[in-house]
Structure formats: structure tokens, C-alpha cells
Amino acid sequence: MSKKASTHEFQAETKQVLDIVVNSLYKDKEIFVRELISNASDALEKLRRLQLTEKNVFDEELDLEINVSTDDASNQLTIQDFGIGMTKDELVENLGTIAHSGSKEFMEALKSEGDANEALIGKFGVGFYSVFMVADEVQAFTRTWNPNGDGQCWKSNGDGSYSIEAAEEQGRGTKMVIKLKEDFSEFAKEDRIKEIIRKYSAFVQFPVSVNGEKVNTVDAIWMRSKNEIKEEEYEEFYKFQSNDYEGPSMKMHFSADAPLEINALLFVPKRNMEKMGMFRNENKVALHCRKVLIDAEPKGLFPEWLRFLRGVVDSSDLPLNVSRETMQDSELLRKLNQVLTKRFLRFLREQSKKEEKTYLEFWSEFGLMIKEGAATDFTYREDLAKLLRFESTALEPGKLTGLDSYLDRMASDQKEILFLFGKSRESIEAGPYLEAPAARGLEVLLLTEPVDEYVMQAIREFSDKKIVSADSEDFELEEIEQKLKGRSLGKKQTKELCAWLKDSLGEKVSDVETGDRLIESPVCIVGGDGMGGPSGRRVMQMMQGMEGAMPAPSVKLQINPRHAIIKGLNGLKEKDGETASLIAEQLLDNAMASANLLDDPREMIARSYKALEKLAASGD
Ligand code: ADP
Ligand code: MG
């Protein structure tokens, strides 16, 4: 050896991961085999792609394959590939830091889970570092594909540092030599390793052999015909491809010849990691052309709001030797995106009918992303609208309905689809706005997530029916024979009271009127400012980002002339103007609170004490 070895410290975060991995009691140690085989497979895939454009590749005659050998006597395992290999700089970058997806996701999950959860190692794989669960020492012999490079040997025993020295005899690719800890001699046994590779690496697209014997069948499952594939095969493929520890919740396998030739196998995971606040999903549907991987994470293959999808798309119409960058804004990719998105939305719709339970599980995990699409993507608005689910006054709490079923239930002369937004079903039911539709026998969708109102504003209509909030002026009330609760104030008195209220409340209201909206409640907020009502106002607030950024809105107050408080107020305004004004202010605040428009309740609380004081004083 001419050159001396250089010693390097692992990056701090890497040390942390290593420390957790080495000391973990995680029981499925065998996953390290999966991680190393998948790295070898990645390296081969990269080389295969490179060879499409690069003619000058070192050791060109070497086959794209993975060779595993076990040495029971010296308790050693070797995994070798003829992939792209690494330069010295790449060794430092790739094995000395955790800038890479596998271990990076692990780190992020670790941060959000708080402490070192054993199960996380299984979920995220930890990538290359998982080998230190079982190894006393690991040597990575490697040589880059580039003819100008040279061989290197990286070595570490998983504590704080590693060394790198020249390894002149090393050919193209990487050879991991693993000296196993005494307790883990099982991984130096041929049968055990074969079993593990069959389990985890059945879908590796390159031949894998153990001690010279081939153990996998290279097989592009997505190109095979549906009826010869078993459910378990799909599940295993999904787990392998998405690095998930559990099976998918749904899968769609389809092929088409026109307008493009496509073979696609798409999966929806059971869980939405994004919802758990871990990280943002990235598109991980791999793009292939006749089984050759073009891009594992192509941007633009699906719309953003389908970023939870996993799987493979294979199209023979793709040009093989195109760079990823030109690929990303190609017309072809846009076409693929269109065809696939349409097809997947149709699949979801079928699923929602045929497999309602599965669909509802999907909805509770990924509904938010469907809403994201409905609110932002004009192209698919109709299809997405059909997938939305909400609670409704027509159903018991917890049950959900779609807009289709709403239409089925509604009477032929009903003009609009109605909804109301509130913090919860209970709070909507307690407010004043259900009274009018309920008295007319109209169904109201109950929306409880902040984005829901925004989504409804974006969709606007469904099957030619307008979608309106039941608290807006656009909701036209039909005259009804109201079950009058007692006597109403006379027309003239009501008019006078409205005028007095407007005068007393001043700037805070744009108008005070009487109407057919109220049955049980004394007052409510309607319309005003051309925003269609409280719902429109809240959406405006949401779009403007910060609450309270808008000047305090001036609203329209509607009163119920049959209500005891209103009748009492009418008499009081003459006898005790001061108390009457206090009550008027309080009524307005209550109405604002019912409409979810009260930003700061402190003023209202102070006033309500004053009112209570007056009441209590009569007993003094
Ligand atoms: P990930 O595979 O998620 O990127 P790993 O921890 O498994 O993370 O691997 C880290 C990096 O080390 C890889 O991204 C790759 O660049 C490099 N690497 C690992 N194994 C090999 C190999 N056999 N051949 C070439 N590069 C490799
Ligand atoms: Mg990896």
C-alpha cells in the first residue's frame, strides 16, 4: 500500500443515528440486508441509466448484478454490486453524513416522536447505518464508474469515526464486507441469507445470487396481467417499493394503449405521514420505460395533491435517453399526468361505491388532500367534488355523505345545496342558522374543518345546483306557515325597533331588519358588505391569512319579532334606554359569536357583567 489511510469524524447527526442503531433492541435486525441490497440495486439502476448516454464507463464488461457471499467460518458476509460506485468525496458525503433519504426521514421522525422509538427503525429502515446493528466492522470497497477515478476502501466500526484508504485492485462498483458481531452469526449462514433476500428483495430488477446461486426472479410485476398476480405479490411489491412496513389500503393496476401506452400500478398507503405532522410527501411514483427506470421521483407526473401515491408508471412512449430536466417540462409528461389523474380519480369514485368502508378509511387519512385538489385545481374540480364527504343534518353524527347522495335525497323543487360551517356539529346545531332550513325540511351539510368553507367557495356548484351557505343572503327562503311561538310585534313596532337598534348600535351594523330566518333564536347575522354573509367573510379572512387583519366588519342584524327578548326590548327602549342599549350590544355580540365572527370575547364579557349587575341590583 502506497498511500496511508485518512481518518474522518462522522457528522454529528450521523453519530446520533449510529448511536441509536447500535444500541437499539430492535428485533428485526435482518432488515439491514434489505437496505444494503436496495442500495446495491440503486447503484446498478444509476449505472444502467448512465450507460444510455455515457459510453466511456470503467469495467464496461461487468454485468449488472448483485453477488452475495457468506463465510460461516470467519463470521462474515459480503454484498457486492457492479453499480456506479463512489469516489472518495462521495464516500465522505454519502456514508459520513445523513443527507440521504432513508436515514433523513428517520431523523425527522425521531425529532417529531420525541424519543428513540424502536419501531421507527423498522419503519424507516435507517438505510446503510442499519448494518451497524449486527456488525463489528464494515468495509466498503468501491470504485466509481468514471475511468479517471480509483479504488477506495472505507472502514468503520460504527463509533465516532471512519477511515478511507486507497484500494487499487477494486473494480467498478461497491463491495460491502461485513464482520458480524458474535451474536449475529446467523447472517453468515447461506440458508438464512437466502431466506431474507427472498423475503425482501423479490422485486429487485437485477439478478441477485448467494454463493453463486441465483435467488430472485427479475420480474416487473406491473407489466404482467392482473389475473395472474396474487394479492400477496402486490402487497410485497408495495412494501418493497415504498419502503413501508404495512400493506397498502388500495391499489390500482391498469394498462392502456391510447392515447399513450401505459402500464401503471398505483398504491395508496394506509397512513398519511403528512397528517401525523412528520414531513411533506413527495411524489414517489417511479417512471419506467419498458421496465427501465427513468426517474424514481419524477416531478410533474401527478398533481401536487396526489403526492401520497406510490407505485410505478411504465410507458413505452418515453424517450429513453432524455435528461430528467428536459423530461420534467415535456408535453409527454403533461399528457401522462392528465391520463393518469383522470383514471385514478375514476378509480377512487368506483371505490367509493363498491368499497365504501375502505373509501371512508381513505377519506379520513387523505381527505384533506382531496380537498386541497378541489380548492386549487380547476381542471379536476368536478371529479374531485364527487369525492368529498361531509356530515349532514340528514344523517346521524359520525356518518358522512357525498354531494351525489345529497342530490338524491333533496326534493325536486329545492334550488340549492346548503351547508353550514362551525367548530363542531354541536356548535352548528346550537346556533341560529339551522332554524330556517330545518323549518322548511331542507338538508344542510355540516362542515367542521376550516378549509371546508374555502373548498365550497371554490367548487361553487354541483350538477347545476348552486352550493350556498345557509347563513348567506344567497340562500333564498321560501315563505312558510311558521308555527308561531306566541304573538309577534306589530309591523310598525318592529320597524321602529329596527330603526332604534340601528341607531343604538351605530357603525357596528350596516342594517337591522326582520326576516324569516329565525324561529327559536332572537337574532342572527346575515349578509352585508356584498360578501354573502358570515361564511364569505370567514373565507375572506382565511385568504388574507391573518385573522384580524381586516377592519372589524360591519354586518347586518336580523331580529325575530316573536321572541320574548325582542318584545321585551321594544318596551324597555322607552323606559330605560341605557339598559336597552346594553342588551342591544349584547345581542349583537351573541349573534357574532354564533356566526364565528367574534375575534375577542373580552369586551363582551365585561359588558355582560354590567348587564348582570343591573339584573342583580333588583334583588339588592
Ligand atoms: P439512501 O439509500 O436512502 O440514499 P443509505 O443510507 O441507504 O440512504 O445510503 C446512503 C448513500 O450512500 C446512498 O444514497 C448512495 O449514494 C450511497 N451508497 C450506499 N450504498 C451504495 C452502493 N452499493 N453503491 C453506490 N453508492 C452507495
Ligand atoms: Mg438506501
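For the sequence shown, our numbering gives the first residue as 480, with consecutive numbering after it. Glycine residues also receive a C-beta, built at the ideal position from the N, C-alpha and C atoms.
With respect to the C-alpha of glutamate 844, the residue from Lys749, Gly779 and Thr872 having the closest C-alpha is Lys749. For the 8 Å CB-CB criterion, glycine 652 and glutamine 559 form a contact. Linking arginine 786 to glycine 846 through their CA atoms gives a straight-line distance of about 13 Å. Ranked by how close their Cα comes to the Cα of lysine 970, the residues Ser948, Leu780, Gly994 and Ala1059 have Gly994 in first place. Classified as buried, phenylalanine 585 has 16 or more neighbouring CB atoms from the shown chains inside 10 Å of its CB. Going by DSSP, glutamine 495 is part of the alpha helix (DSSP H) stretching over 491-502. In this structure, phenylalanine 716 places its C-beta atom within 8 Å of the C-beta atom of isoleucine 700.
Within 10 angstroms of the beta-carbon of glutamate 932 lie 16 or more other beta-carbons, which makes it buried. Here the alpha carbons of threonine 855 and asparagine 554 stand approximately 58 Å from one another. The beta carbon of leucine 574 sits closer than 7 Å to at least one heavy atom of the ligand ADP.
Assignment of methionine 565 by DSSP, reduced to helix, strand and coil, places it in the coil class.
Listed in chain order, the non-local C-beta contacts of asparagine 636 below 7 Å within the same chain comprise Asp615 and Glu616, local neighbours out to five positions each way being set aside.
Judged by beta-carbon spacing, tryptophan 624 lies within the 8 Å limit of phenylalanine 537, meaning their Cβ atoms are closer than that value. Under the three-state reduction of DSSP output, lysine 508 falls in the coil class, being neither helix nor strand. Remark: the shortest separation between the CB of serine 517 and any heavy atom of the ligand MG falls under 7 Å. In the DSSP assignment, leucine 924 is bridged to Ser871 and Phe898. Phenylalanine 869 is a Cβ neighbour of leucine 925, given a cutoff of 8 Å. As for any beta strand (DSSP E) of minimum length 3 sitting wholly inside the segment 622-665, the runs are 631-635, 640-645 and 652-659, ordered along the chain. Distances from the CB of alanine 522 to the heavy atoms of the ligand ADP include at least one below 7 Å.
Three or more Cβ pairs drawn from the segment 813-827 and the segment 721-738 lie within less than 8 Å of each other, which places the two stretches in contact.
Inside the segment 665-696, DSSP marks whole beta strand (DSSP E) runs of 3 or more residues at positions 687-689, from first to last along the chain. Taking 8 Å as the upper bound for CB-CB distance, serine 1033 and serine 951 are not in contact here, some 16 Å apart. Distance from glutamine 1037 to arginine 996 at the Cβ level is roughly 6 Å; contact confirmed, criterion being Cβ atoms closer than 8 Å. Annotated three-state conformation of proline 1080 is coil, per DSSP. Residue environment: threonine 696 is assigned as exposed (fewer than 16 neighbouring CB atoms within 10 Å of its CB, all protein chains considered). Cβ contact annotation for valine 747 (same chain, cutoff 8 Å, sequence separation greater than five): Pro727, Ser728, Met729, Lys730, Phe787, Leu788, Arg789, Phe841 and Phe845, in chain order. Around the Cβ of proline 798, a 10 Å sphere holds fewer than 16 other Cβ atoms; the residue is exposed. Threonine 820 sits in a helix when the DSSP states are folded into three classes. A residue is called buried when at least 16 other Cβ atoms come within 10 angstroms of its Cβ; methionine 755 does not meet this threshold and is exposed. For glutamine 893, there is no enclosing beta strand (DSSP E), since its DSSP letter is neither H nor E. Ranked by Cα distance from glutamate 1053, the first of Glu975, Ser688 and Pro1080 is Glu975. Three or more beta-carbon pairs separated by less than 8 Å are not found between the segment 638-656 and the segment 681-695, which leaves the two stretches without contact. In this structure the segment 518-526 does not lie against the segment 641-649, because fewer than three pairs of beta carbons, one per stretch, are closer than 8 Å.
The beta carbon of glutamate 999 sits closer than 6 Å to the beta carbons of Glu914 from its chain, once the five residues preceding and following it are set aside; these are given in chain order. Here glutamate 835 is exposed. Its C-beta has fewer than 16 other C-beta atoms within 10 Å. Remark: fewer than three beta-carbon pairs, one from each stretch, lie closer than 8 Å, so the segment 1040-1056 and the segment 935-949 are not flagged as touching.
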